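Remarks on the structure that follows.
Chains as they are written, first to last, in this note's numbering: chain A, 6 to 84; chain B, 27 to 796.
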């Protein structure tokens, strides 16, 4: 499971390769805890579907993104 | 509407006309490089101006058309009828948009879709012929090399990503290419990862990810339905990108970014209509406006308009940095209510743009400096755009002056009657003559301002004839003569409708099918001639066809069927007068009603319209050889020549154009025919009507003399003699329509003021004689 809560349960973590299936659990977590930040520093690869949930939900992001390409080209769209 | 917009509208119409003419020439006379080149340049300039006034939809459409024409020009494509038809359709679309823009200062909301559909159709023609083209032809020519103004989405993308691009590109002055990728909603289910595709784009400079439709609340979000639009700019080549997106060609748009292409444009046009030159010209014009307007009361409006126009132009020229400077300066100038700040910003922008011109191109460099800035000034001294209302005010004043002058004539006559041939009387007469001459000259000069060439009307017809002859499957050539003949704008403006009816009639009824022509021993290709000429103070416009002519027998039969004229009268009419009946209301010679003409309203509308402006319509036809319809019109409708006559003790004005001659009749020439008096004039019996009787006035004292005075009038082909008691005068007057309570009185064309202050009623003979 590459979408998880951190130990304290307040931050949502994206870890490793985040495939298309991660979109659904990420969406559920965001709905369950509105306002929870998303930490993507450990994310190795981000699927478009997961990015779409982030764009739609606009959580606060803890960066930089672990996927350098995403950090360089996509992160600016989330500022 | 600001001056830039007005100019754009006028220029766009001019260019559309020009492109239409050249396209017709291409079609009729075949392909010639310089002709295609002219068409191309017209489209190119149109596209440029569309960019300046910020009409991206128009730009997209024209850009696609331009690509197509460029391919033809380069010899990669043949100008097939399908392509020419599509080019015409494109011009029609643009013409409609120009009309919309004139009315609402913007394009209709669906313009974007229309633009995309039109551009798609144009590109389809391009790609279809391209795949048929021999192997080895360079596909890339289709887009990047000929690109000029960017499509709207590219402009927006460039604008929003400017910092990114300049930050990353460094010295990237090579080809840039933009893409817009809207993945299919279900793409995630197919295993697609759109970002993965974009990761493969070489030389990415900027990426923008946004929602296609606004995001719903998270509870309603379907995480597996893709709602993204991914747009980016890269230094790669068009072909490389196309290859990356080859599996999703329907979801992606790729376009060259015109940074580099603009340089091509400049080389191609040698500064004539190039983007940078256009931008400079717009800037220079704004500077000119501000220099003139600095003392003006409504300066704030002018400042705002100038800053906006210059800003738009600079954005279009891809200098948003300068545009921002201008807009800042504009705001500063507005708050200071002085143009100084904006002026200096304009100067700086102009200087910066001159610096932009490629150093290796001395011609362009020279053209872009002070010489450029001078241009609007020179143009301004050549032509002046004046509101029609102001000219009309002048025309009215000059008309009043002529009335006042007539008053002096009356005074001079009274003086002569009272003091005899005294020095004073002669001096007044001399002064009157001088004023008369000057007033006449002034009136003529002012009317000259309203004179426009009939070419303005004629030029719509080549296209019309082309389209309609194609539809009717007839071969028709349109020849025009005398387009430079001038007439009052009011006359020329009203000519279009009657000419349209006439040309339609000629095409539909007059011209035979190619087979019929062949079997009649005629050339298969028919000719319709439109000619204008000046005959005395009349404008004569003729529409001539070499078709089947009008058969008097058919006209007779139909006139009888429709009860247009009494049978006796019909039998008495000679053939040449019979064909005049086609102008009667409810007459139609077409066996069947077609969608082009022939609802039985055409010809009577022609006559009515022409008569309303003081003209006459007549027809001549040789059965089997062709028909000529002649419109005889006044050169201007501001001044009418009238005859002042006396009948039943009253004075009336009678328009001279209705009177063909005046005849003094001895008793012996008048014979009693039925209940009416009549006389024979050149082998023709002319009935005599008394004007006093017609106006229900007591008959005047029986004339002592043995002669009776009649005016011979011809109205709608019917000759009548109007008996009057005396002719008083012939005058040129300004006719005022009846107003107020009298506005609906029938029988009067209007009123005019006589020199002695009396009001003269001018008759509408057509109504009176009915």
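Glycine is no exception: its CB is placed at the ideal position from the N, C-alpha and C atoms.
As the structure is a computational prediction, the values presented were derived from the model and not from experiment.
So, residue i versus residue j, is the Cβ gap smaller than 8 Å?
i	j	result
residue 47 of chain A	residue 28 of chain A	no
residue 54 of chain A	residue 240 of chain B	no
residue 52 of chain B	residue 39 of chain B	no
residue 458 of chain B	residue 438 of chain B	yes
residue 680 of chain B	residue 668 of chain B	yes
residue 309 of chain B	residue 336 of chain B	yes
residue 676 of chain B	residue 723 of chain B	yes
residue 66 of chain A	residue 43 of chain A	yes
residue 509 of chain B	residue 479 of chain B	yes
residue 629 of chain B	residue 563 of chain B	no
residue 83 of chain B	residue 133 of chain B	yes
residue 571 of chain B	residue 554 of chain B	yes
residue 340 of chain B	residue 352 of chain B	yes
residue 223 of chain B	residue 258 of chain B	no
residue 231 of chain B	residue 260 of chain B	yes
residue 734 of chain B	residue 719 of chain B	no
residue 58 of chain B	residue 41 of chain B	no
residue 376 of chain B	residue 316 of chain B	no
residue 421 of chain B	residue 473 of chain B	yes
If the cut is a Cβ gap below 8 Å, which residues of chain B does residue i touch?
i	result
residue 8 of chain A	The contacting residues do not exist; residue 8 of chain A stays about 11 Å from chain B at best.
residue 74 of chain A	225
residue 79 of chain A	221, 233 and 235
Which class does residue i belong to by DSSP, given the choice of helix, strand or coil?
i	result
residue 677 of chain B	strand
residue 732 of chain B	coil
residue 15 of chain A	coil
residue 140 of chain B	helix
residue 750 of chain B	strand
residue 573 of chain B	coil
residue 213 of chain B	coil
residue 69 of chain A	coil
residue 783 of chain B	coil
residue 195 of chain B	Below a pLDDT of 50, predicted positions are generally treated as unreliable, and residue 195 of chain B, at 47, falls in that range; no measurement from the model is reported.
residue 338 of chain B	helix
residue 361 of chain B	helix
residue 227 of chain B	coil
residue 280 of chain B	strand
Under 7 Å between beta-carbons, which chain B residues line up against residue i? List them in chain order, please.
i	result
residue 28 of chain A	249 and 250
residue 32 of chain A	244, 247 and 249
Which stretch, first to last residue, makes up the beta strand (DSSP E) that contains residue i?
i	result
residue 255 of chain B	254-260
residue 237 of chain B	230-237
residue 78 of chain B	Not the beta strand (DSSP E): residue 78 of chain B falls in the alpha helix (DSSP H), residues 59-78.
residue 479 of chain B	477-479
residue 92 of chain B	Segment 82-99 is the alpha helix (DSSP H) holding residue 92 of chain B; no beta strand (DSSP E) there.
residue 10 of chain A	8-10
residue 604 of chain B	Here residue 604 of chain B belongs to no beta strand (DSSP E); instead the alpha helix (DSSP H) covers 601-604.
Mind pulling the chain A residues with CB within less than 8 Å of residue i?
i	result
residue 363 of chain B	Under the 8 Å cutoff, chain A gives no residues; its nearest Cβ is about 39 Å from residue 363 of chain B.
residue 237 of chain B	60 and 61
residue 230 of chain B	78
At 7 Å on the CB atoms, spell out the chain A contacts of residue i, in chain order.
i	result
residue 214 of chain B	25 and 54
residue 245 of chain B	36
residue 276 of chain B	None at all; the shortest Cβ gap to chain A is about 18 Å.
residue 220 of chain B	53
residue 234 of chain B	82
Counting along the chain, where does the alpha helix (DSSP H) carrying residue i start and finish?
i	result
residue 559 of chain B	Segment 552-561 is the beta strand (DSSP E) holding residue 559 of chain B; no alpha helix (DSSP H) there.
residue 46 of chain B	29-55
residue 62 of chain A	53-62
residue 21 of chain A	Element bounds for residue 21 of chain A: not the alpha helix (DSSP H) but the beta strand (DSSP E), 21-23.
residue 714 of chain B	Element bounds for residue 714 of chain B: not the alpha helix (DSSP H) but the beta strand (DSSP E), 711-716.
residue 264 of chain B	264-270
List the residues of chain B that residue i touches, going by C-beta distances under 9 Å, in chain order.
i	result
residue 47 of chain A	Within chain B, no residue comes near residue 47 of chain A; the closest Cβ sits about 18 Å away, beyond 9 Å.
residue 62 of chain A	241, 244 and 247
Taking 8 Å as the CB-CB cut-off, is residue i touching chain C?
i	result
residue 204 of chain B	No chain C is part of this structure, whose protein chains are labelled A and B.
Whose Cβ in chain A lies nearer than 9 Å to the Cβ of residue i?
i	result
residue 254 of chain B	53, 56, 57 and 60
residue 260 of chain B	Within 9 Å Cβ-Cβ: nothing; residue 260 of chain B doesn't reach chain A, min ~11 Å.
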